[in-house]
Amino acid sequence: MKITQDEIEKYLTGTAYVTAENGKARPHRFTPEQERAYDGTDYSRKLCCGSGVCLSVRTDALAVAIDFTASEGSSRTYFSMDVTADGVGVGSITNHSGDMPHEHYPGIRRLLGDYRGLFPLPEGEKTVRIYFPWSVTVDVAEADFKGATFIAPAPREKTFLFFGDSITHGYDATFTTKKYSTLVAEAFGADEHNKAIGGDFFKPEIAAIKESYTPTAIFVAYGTNDWRACTREYTQKRADEFYAALHDNYPDVPVFAMCPIWRRDLEKSEWSKCEFGDFRGVAEVITAAAKYENMHVIDCYDFVPHDEKYFADAWVHPSDEGYRLYADALIDAVKATGEKL
Numbered sequence: 054m055k056i057t058q059d060e061i062e063k064y065l066t067g068t069a070y071v072t073a074e075n076g077k078a079r080p081h082r083f084t085p086e087q088e089r090a091y092d093g094t095d096y097s098r099k100l101c102c103g104s105g106v107c108l109s110v111r112t113d114a115l116a117v118a119i120d121f122t123a124s125e126g127s128s129r130t131y132f133s134m135d136v137t138a139d140g141v142g143v144g145s146i147t148n149h150s151g152d153m154p155h156e157h158y159p160g161i162r163r164l165l166g167d168y169r170g171l172f173p174l175p176e177g178e179k180t181v182r183i184y185f186p187w188s189v190t191v192d193v194a195e196a197d198f199k200g201a202t203f204i205a206p207a208p209r210e211k212t213f214l215f216f217g218d219s220i221t222h223g224y225d226a227t228f229t230t231k232k233y234s235t236l237v238a239e240a241f242g243a244d245e246h247n248k249a250i251g252g253d254f255f256k257p258e259i260a261a262i263k264e265s266y267t268p269t270a271i272f273v274a275y276g277t278n279d280w281r282a283c284t285r286e287y288t289q290k291r292a293d294e295f296y297a298a299l300h301d302n303y304p305d306v307p308v309f310a311m312c313p314i315w316r317r318d319l320e321k322s323e324w325s326k327c328e329f330g331d332f333r334g335v336a337e338v339i340t341a342a343a344k345y346e347n348m349h350v351i352d353c354y355d356f357v358p359h360d361e362k363y364f365a366d367a368w369v370h371p372s373d374e375g376y377r378l379y380a381d382a383l384i385d386a387v388k389a390t391g392e393k394l
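The following block contains the structure:
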C-alpha cells in the first residue's frame, strides 16, 4: 500500500502544511505567515528542512520503502532519515558513513539528490515512524508499505513545540533522531513540532503567531546568538516580547525557558568579547522575561560537559553524545518542575 503526494499530509506530524509539485510532496514546518516573517533573510532557506517532521503510520506491513529527493535546507549537507518500528530503530538512509572526522564534518559537502531506502519490518501490527532529516529539504515521491493489509495515521496525543536556534534545529547531530528535541519528545511520548532556525535570535514575531493546535508543552532555547551579536538591553526587550506573546497565546501551557549551554569560545577572552557582556547574563535576561506562572526557567549551562569532545564542531554545536547528555539532563529538569506531561 502506497502513500503518495496526494495523501501524505494526514500521515505527517511536525508540519504546518504540505505542498506538492512534480509528483512529490514537501512538508513545511512553519505556517505561511511565519515564513513571511523571515522574508529577505538567510534564514528563509532553512524553513523547509525536515527538523521534527515525521511520517507516522500504524500498519501490518512486512517492509517499508521510501523514495525522496534531498536538497539544500541549511548550511549542512549531510543528512539521515531514520526509521523505527514501535520505537526500535530498523535503519537509516544517509549520505554519510556515520563516522565522520571530529570538528571538520559539519562543513564537508555531501551528495544530495534522489534517494531510496527499503527496510524489513517486524511481523504483526506496529507503529512505523520515519523521521525526516533536520539538515536538508525533503520532497517525497512515495512511501510504500509492502505487504500491508492496512495503513492508518498514527499521531500521538501530545505535541511538544520547540523554538530556538541551531542547537534546537539539530546542528550537528549525525542522525536526526539523536538531536535533543527529538530525544525529549520521545521520552515523554510526544510528537515534535520544531520551529528552530540555525543562527536565530529571540523573535517575538514568531511567538505572536498562534498555532492551529494547543501544544502540550513549549520549549524555548535562544540566547547564545543573542549574546554574540546583540546588546543586553536589546536582548532583554526581545525576550520580554517573546515570552509575553507566548503567554498571550498559551496562558495554560507549560513553557520551559531554557538558558544556553556552555560554548568553547568562553575559554578565551579574545574570542568572547562582545557588546552584551558576561555570557551568564543571558540566564538573567531569560529569568526576567519568563516571569509568568506557566513558565519554568531551566539553566542548561552544565547540561553538556565543558569539553570540546562533546561538540561536533569542537565549539558550540553538540555531537550525538553531547545531545544525549543534554537531553537526559533536560528530561530530569522538566520532571523536577512537577509538570504532568
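Throughout the sequence shown, residue numbering follows this note's numbering, covering 54 to 394 in sequence. Every residue gets a Cβ at the ideal spot worked out from N, C-alpha and C, and that includes glycine.
Item to check | Span separating the alpha-carbon of Glu258 from that of Trp368 | outcome: 29 angstroms
Item to check | Residue range of the unbroken beta strand (DSSP E) whose run includes Ile119 | outcome: Ala116 to Glu125
Next on the checklist: Measuring straight from C-alpha to C-alpha, what distance separates Arg209 and Val335?
Outcome noted: 34 angstroms
Checklist entry - Does the separation of the CB atoms of Asp373 and Phe228 fall below 8 angstroms? => result yes
Next on the checklist: Rounded to whole angstroms, what is the Cα-Cα separation between Glu176 and Ala310?
Outcome noted: 42 angstroms
Next on the checklist: With H, G and I counted as helix, E and B as strand and the rest as coil, what does DSSP make of Thr68?
Outcome noted: coil
Checklist entry - If you compare alpha carbons, which of Asp197, Glu286, Val338 and Thr267 is closest to Asn302? => result Thr267
Checklist entry - Whole beta strand (DSSP E) runs in the segment 161-222 with 3 or more residues, listed along the chain? => result 166-173, 179-184, 189-199, 204-206 and 211-217
Item to check | Any 3 or more C-beta pairs closer than 8 angstroms across the segment 56-68 and the segment 97-113 | outcome: yes
Next on the checklist: Just verifying my parser: in three-state terms, what is the DSSP assignment at Val237?
Outcome noted: helix
Next on the checklist: Using the Cβ count rule (16 or more neighbours within 10 Å means buried), how would you classify Pro173?
Outcome noted: exposed
Item to check | Sequence-distant residues of the same chain with beta carbon closer than 8 angstroms to Ala114, five excluded per side | outcome: Met54, Leu174, Val181, Phe198, Lys199, Gly200, Ala201 and Ile204
Checklist entry - Whole-angstrom Cβ separation of Gln289 and Ala343, contact assumed at under 8 angstroms? => result Not quite, the Cβ-Cβ distance comes to about 12 angstroms (not below 8 angstroms), so this is no contact.
Checklist entry - What's the gap between the Cα of Ala386 and the Cα of Pro371? => result 19 angstroms
Checklist entry - Expressed to the nearest angstrom, what Euclidean distance is found between the alpha-carbon atoms of Gly126 and Ser188? => result 6 angstroms
Checklist entry - CB Gly251 to CB Asp279, shorter than 8 angstroms? => result no
Checklist entry - Can the beta-carbon of Phe364 be found less than 8 angstroms from the beta-carbon of Leu383? => result no
Item to check | Residues bridged to Asp135 [DSSP beta-bridge criterion] | outcome: Ser145 and Tyr184
Checklist entry - Starting from Thr84 and walking both ways along the beta strand (DSSP E), at which residues does that stretch end? => result First-last for Thr84: undefined, no H or E at that position.
Checklist entry - Which residues in the same chain as Ser97 place their Cβ atom closer than 6 angstroms to its Cβ, once the five residues preceding and following it in sequence are excluded? => result Tyr91
Checklist entry - Is the distance from the Cβ of Phe329 to the Cβ of Thr284 below 8 angstroms? => result yes
Item to check | Nearest neighbour of Phe295, chosen from Val338, Arg111 and Asp244 [CA to CA] | outcome: Val338
Item to check | Lys248 versus Val308: straight-line alpha-carbon distance, rounded | outcome: 15 angstroms
Checklist entry - How about Ile119 and Ala196: do their beta carbons lie closer than 8 angstroms? => result yes
Item to check | Among Tyr233, Arg333, Lys179 and Glu320, nearest to Ile220 - alpha-carbon criterion | outcome: Tyr233
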